[in-house]
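Chemist:
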Amino acid sequence: MSEISSVLKTLIAYLKRPDLYPELRRKIIKNTLQRRNAFKGKEKTNSWAASKAISQKEAISKLFGLDMDSFRSTYAEVLKNSEQKQKECPIKMGGAGALELIYYACEFAKAKNVVETGVAYGWSSLAALLSLEKRKGTLYSSDMPYLAQDGDRYVGCIVPENLKPHWKLFRFADKESLPKIFADSPVFDVVHYDSDKSYNGRFWAYNELYKHLKTGGIFISDDIGDNSAYQDFCEQNNLKTTVVEYEGKYIGIFVK
Ligand SMILES: C[S@@+](CC[C@H](N)C(=O)[O-])C[C@H]1O[C@@H](n2cnc3c(N)ncnc32)[C@H](O)[C@@H]1O
Numbered sequence: 000m001s002e003i004s005s006v007l008k009t010l011i012a013y014l015k016r017p018d019l020y021p022e023l024r025r026k027i028i029k030n031t032l033q034r035r036n037a038f039k040g041k042e043k044t045n046s047w048a049a050s051k052a053i054s055q056k057e058a059i060s061k062l063f064g065l066d067m068d069s070f071r072s073t074y075a076e077v078l079k080n081s082e083q084k085q086k087e088c089p090i091k092m093g094g095a096g097a098l099e100l101i102y103y104a105c106e107f108a109k110a111k112n113v114v115e116t117g118v119a120y121g122w123s124s125l126a127a128l129l130s131l132e133k134r135k136g137t138l139y140s141s142d143m144p145y146l147a148q149d150g151d152r153y154v155g156c157i158v159p160e161n162l163k164p165h166w167k168l169f170r171f172a173d174k175e176s177l178p179k180i181f182a183d184s185p186v187f188d189v190v191h192y193d194s195d196k197s198y199n200g201r202f203w204a205y206n207e208l209y210k211h212l213k214t215g216g217i218f219i220s221d222d223i224g225d226n227s228a229y230q231d232f233c234e235q236n237n238l239k240t241t242v243v244e245y246e247g248k249y250i251g252i253f254v255k
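Dropping the structure here:
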């Protein structure tokens with residue numbers, strides 16, 4: 000798809016969804032007046048993250064005192080079926096991240112309520128749900144679909160049917176989804192951020208998610224090397240964070 004036809008497809012898809020008009024207005028501002036916002040402080044944060052990064056396995060052991068090795072064998076069948084569903088999906092979205100980190104964060108926190116932003120195929124959702132299911136907990140997810148690809152119906156497509164009763168998916172931009180989610184459940188055991196990658200988008204959501212995270216709860220953010228929003232947020236709030244290097248990217252995680 001050429002860039003112009005992709006922009007046009009996205010615009011038409013937005014116009015068909017009045018509930019996404021506020022996000023369309025924000026996107027226009029972001030892509031015109033705030034273009035540099037996406038990469039603000041990127042260099043500074045990448046050298047900071049590189050200097051303190053550890054592996055996912057080390058982080059799970061250091062923060063939770065748990066060993067992650069049994070995850071892949073315990074859930075081999077579920078993971079295999081989900082990979083097959085991803086292969087069969089006609090649209091392309093972001094793939095799986097550090098699933099063990101999310102799963103063991105939920106295990107450690109004995110999570111009953113988890114909120115995440117950014118679903119795509121649903122890999123992070125699957126990791127949280129596999130733990131939540133054991134305590135009859137609930138995952139609240141916020142996701143704005145890949146509009147250019149008409150992907151609404153495929154969001155979360157790798158999540159097995161038996162886990163869906165534990166899942167509430169809010170199909171709006173975070174600025175609309177999160178207030179609805181917090182109205183439903185005001186306190187969370189684990190929060191996972193993986194949606195709007197802009198500096199301002201992150202900073203706004205980090206503050207909101209932090210306010211609704213219980214003391215002792217776990218905060219995780221993907222792709223913190225995109226800009227310095229995560230580092231600045233931690234420094235402003237005096238938070239001691241662990242940085243995990245995973246497949247060439249950085250994930251931030253701390254216990255509140
Ligand atoms: C990297 S993918 C999420 C991957 C997912 N966490 C996983 O592990 O499989 C990012 C998702 O965030 C969504 N997204 C981007 N900006 C958003 C926003 N402002 N509000 C809600 N969702 C957004 C995208 O449509 C996409 O589905």
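With numbering that gives the first Met the number 0 applied, the sequence shown covers 0 to 255. Heads up, the beta-carbon is just placed ideally off N, CA and C, and yes, glycines get one too. Please read these numbers as outputs of a predicted model, since none were measured by experiment.
1. Run the proximity test for Y103: is its beta-carbon closer than 7 Å to any non-hydrogen atom belonging to ligand 1?
2. Would you list, in sequence order, the uninterrupted alpha helix (DSSP H) runs of no fewer than 4 residues that lie entirely inside the segment 86-170?
3. DSSP three-state label for D18, please.
4. Is the beta carbon of D18 within less than 7 Å of some heavy atom of ligand 1?
5. Looking only at its chain, what residues have a beta carbon closer than 6 Å to the beta carbon of F107, apart from the 5 residues adjacent to it on each side?
6. Are the CB atoms of V189 and G216 nearer to each other than 8 Å?
7. Taking the straight line between their C-alpha atoms, what separation do you get for P21 and S72?
8. Using 8 Å as the cut-off, can you tell me whether the segment 141-154 makes contact with the segment 82-100, which would need three or more C-beta pairs spanning the two stretches below that distance?
9. What does the Cβ neighbour count give for K26, buried or exposed, with the cut at 16 atoms within 10 Å?
10. Under DSSP, the beta strand (DSSP E) around K213 begins and ends at which residues?
11. Hey, is the segment 159-171 in contact with the segment 191-205, meaning 3+ C-beta pairs nearer than 8 Å?
12. Around the Cβ of Q55, are there at least 16 other Cβ atoms within 10 angstroms (buried) or fewer (exposed)?
13. With DSSP as the reference, label A172 as helix, strand or coil.
14. So for E244, helix, strand or coil by DSSP?
15. Counting only the same chain and skipping the five closest in sequence on each side, list residues whose C-beta sits under 8 Å from that of K260.
16. Take V118 as the anchor and find which of L128, K109, I59 and A110 has the nearest alpha-carbon.
17. Please state whether DSSP places D68 in a helix, a strand or coil.
18. When burial is assigned at 16 or more other CB atoms within 10 Å of the CB, is T214 buried or exposed?
19. By alpha-carbon positions, which one of F253, V254 and K248 ends up nearest to T44?
Modeler: On the basis of the data shown:
1. In the sequence shown, the residue the question calls residue 103 occupies position 104. Incorrect: Y103 has no Cβ contact closer than 7 Å to ligand 1.
2. For the segment 86-170, whole alpha helix (DSSP H) runs of length 4 or above, ordered along the chain, are 98-107 and 122-131.
3. As a first step, residue 18 is located in the sequence shown; it is residue number 19 there, counting from the start. Residue state, collapsed to three classes: helix.
4. Here residue 18 refers to the residue found at position 19 of the sequence shown. Residue side-chain check: D18 keeps its Cβ at 7 Å or more from all non-hydrogen atoms of ligand 1.
5. The count along the sequence shown starts at 1 and reaches residue 107 at position 108. Taken in chain order, the residues that qualify are F63.
6. Taking the first residue of the sequence shown as position 1, residue 189 is located at position 190. Taking the first residue of the sequence shown as position 1, residue 216 is located at position 217. Yes, the Cβ-Cβ distance between V189 and G216 is below 8 Å.
7. Looking up residue 21 in the sequence shown gives position 22. Looking up residue 72 in the sequence shown gives position 73. About 44 Å.
8. The segment 141-154 is in contact with the segment 82-100.
9. Within the sequence shown, the letter at position 27 stands for residue 26. Of the other Cβ atoms in all chains shown, 16 or more fall within 10 Å of the Cβ of K26; this residue is therefore buried.
10. Taking the first residue of the sequence shown as 1, we reach residue 213 at position 214. First-last of the beta strand (DSSP E) with K213: L212 to S220.
11. no
12. The residue labelled residue 55 in the question sits at position 56 within the sequence shown. Q55 should be labelled buried.
13. Residue numbering aside, residue 172 sits at position 173 when the sequence shown is read from its first letter. Reduced to three states, the DSSP call for A172 is coil.
14. One-based indexing of the sequence shown puts residue 244 at position 245. Three-state result, E244: strand.
15. No answer is possible for residue 260: it lies beyond the span of the chain, which begins at 0 and ends at 255.
16. The sequence position of residue 118 within the sequence shown is 119, counting from 1. Measuring from the Cα of V118, the nearest candidate turns out to be L128.
17. In the sequence shown, the residue the question calls residue 68 occupies position 69. In this structure, D68 counts as coil in the three-state DSSP scheme.
18. Walking along the sequence shown from the start, residue 214 turns up at place 215. It counts as exposed.
19. Within the sequence shown, residue 44 is the residue found at index 45, counting from 1. Considering only alpha carbons, the answer is K248.
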